[in-house]
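J.: Encoded as structure tokens, here's the structure I'll be asking about.
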Amino acid sequence: MTEEHFAGIADVSGLKSPFIWECTRFCLAPNSQACVAGLLMLAGGELMRQMGLSHFLGVFDARMVRIYRTIGSSPEILGSVGQGREQLSVGLWRYSEADRAQVLDRAGVSSELSEHWYNRAFGFDRELAQTA
């Protein structure tokens with residue numbers, strides 16, 4: 020989608036890899052609690068870690084730059100168009116254990132709980148399987 024619809028922002032044609040996934044929707048309900056953004060970012064990071072992904076690519080508006088910084092996971096900005104609130108950017112998030120630790124800390128969630136949530140959604144919970 021980024022290459023097709025947002026080509027004017029950044030040339031991402033060289034970013035073709037099964038280890039780079041595109042995620043252009045980071046949507047929260049208007050009255051979400053402050054922790055929800057961090058938990059959503061944590062889920063994306065857990066998906067990257069468990070699936071062996073190297074990067075996420077995304078398009079976002081200007082206000083998200085501050086939110087990503089607060090969460091502890093800022094992308095490398097590949098290009099931007101527009102000014103002020105109207106600015107749109109294309110960014111690339113690289114997976115790193117250091118970023119994961121920072122997002123876990125800011126979200127107030129343990130690594131074990133994050134892994135448990137992932138296993139419940141996409142795999143199996145080893146501890147639960149051992150009780151069966």
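In case it helps, this note's numbering puts the sequence shown at residues 20 to 151.
Ideal Cβ placement from N, Cα and C applies to all residues, glycine included.
Please look up how many angstroms separate the CB atoms of G77 and I96, rounded, as I've assumed it's under 8 Å.
T.: Distance from G77 to I96 at the Cβ level is roughly 11 Å; contact not present, criterion being Cβ atoms closer than 8 Å.
J.: Among the residues of its own chain, which have a CB less than 7 Å from the CB of P49, if the five just before and after it don't count?
T.: none
J.: Would you check if the stretch 30-37 and the stretch 60-70 touch, i.e. whether three or more CB-CB distances between them fall below 8 Å?
T.: no
J.: Would you mind sorting R139 into buried or exposed? The rule is 16 or more other CB atoms within 10 Å of its CB.
T.: exposed
J.: Going by DSSP, what residue range makes up the beta strand (DSSP E) through V109?
T.: Here the beta strand (DSSP E) through V109 covers 107-113.
J.: Report the three-state DSSP secondary structure of I96 (helix, strand or coil).
T.: Annotated three-state conformation of I96 is strand, per DSSP.
J.: My output table needs one value for L47: the three-state DSSP class, helix, strand or coil.
T.: Three-state DSSP puts L47 in coil, outside helix and strand.
J.: In the DSSP assignment, what are the bridge partners of E41?
T.: L76
J.: Between the alpha carbons of G11 and F75, how many angstroms are there, rounded?
T.: The requested residue 11 is not part of the displayed model; the chain covers only 20 to 151.
J.: Would you grab the beta carbon distance between S115 and L123 for me? Rounded to a whole angstrom, and I think it's under 8 Å.
T.: No, S115 and L123 are not in contact; Cβ-Cβ is about 12 Å, not under 8 Å.
J.: In its own chain, which residues sit with a C-beta less than 8 Å from the C-beta of C54, not counting the 5 before and 5 after it?
T.: A126, G127
J.: For the alpha helix (DSSP H) that I86 lies in, which residues bound it at each end?
T.: 82-90
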